[in-house]
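Before any comments, here is the structure.
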Amino acid sequence: MHVTEPLMVYVQAFTQWGFLMAFLYRLASTINKENKSTFYLSALMLCSYVSSGYINLLESLYLNSALYDFFTILALLTLQYFKVLQRSTAFYFIIFALTTNAVLTLILHYDLYVLYNYEPWWYWSVYSIGVNMFDVLMILSLVFNKNTIFKRGVTLNFKKLKNIE
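The sequence shown begins at 112 in the numbering used here and counts up by one.
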């Protein structure tokens, strides 16, 4: 199952809404705290995803998306270098997820615009599910400041196994 172009508009709106909610949650939760790193991280992600929906730097949709991912990674690393952002689990996961999204997008661009393959195949489904899954996981990592939601469940299962012995 790949995401068609009309459905992509709704998926993009949902993703932008998710980053807006993560930003607002981080704004409210870090208002009286000294460490505002996750707030700045969520603000940068919100700006990146909203601007990528309205400002096209390149003609190709997929190259444009990959370019925004690389610019966002560059901005994250620059802000971290100047100590605006602190390294956290959310920071590392977002770098990983943006890199994965960019690579998946570049492979799809190569398939469509270099190889001229317009027949749906399994990679289109991998791309559609993978990119959207990583977007949702990035939103959740900003809210919970964890790398994945599943990590806690796995840790709890290991604790239960230790108690059985």
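Beta carbons: idealized from backbone N, C-alpha and C, even for Gly.
Straight-line CA distance for Ala201 to Tyr173? Taking the first residue of the sequence shown as 1, we reach residue 201 at position 90. Taking the first residue of the sequence shown as 1, we reach residue 173 at position 62. About 25 Å.
Report yes if the C-beta of Leu172 is less than 7 Å from at least one heavy atom of the ligand SAH; otherwise report no. Only the bare structure without any ligand can be found here, which leaves the ligand SAH out of the picture.
Leaving out five residues before and five after Phe182 in sequence, what residues of the same chain have Cβ atoms less than 8 Å from its Cβ? For the purposes of this step, residue 182 is taken as the residue at position 71 of the sequence shown. Once the five neighbours on either side are set aside, the close Cβ partners of Phe182 are Ser159.
Compare the Cα-Cα distances from Ile250 to each of Tyr227, Leu131 and Ser236 and report the closest residue. For the purposes of this step, residue 250 is taken as the residue at position 139 of the sequence shown. Residue Leu131 is the option with its Cα nearest to Ile250.
Quick check on Trp235: does DSSP put it in helix, strand or coil? On the sequence shown, position 124 is the one that residue 235 refers to. Correct three-state label for Trp235: helix.
To which residues of the same chain is Val161 closer than 7 Å at the C-beta, ignoring the five residues directly before and after it? Mapped onto the sequence shown, residue 161 falls at position 50. The residues Gln127, in chain order, have a CB closer than 7 Å to that of Val161 in the same chain once the five nearest residues on each side in sequence are set aside.
Can you give me the C-alpha to C-alpha distance between Leu217 and Ser140, rounded to a whole angstrom? Walking along the sequence shown from the start, residue 217 turns up at place 106. Walking along the sequence shown from the start, residue 140 turns up at place 29. Taking the straight line joining both Cα atoms gives about 36 Å.
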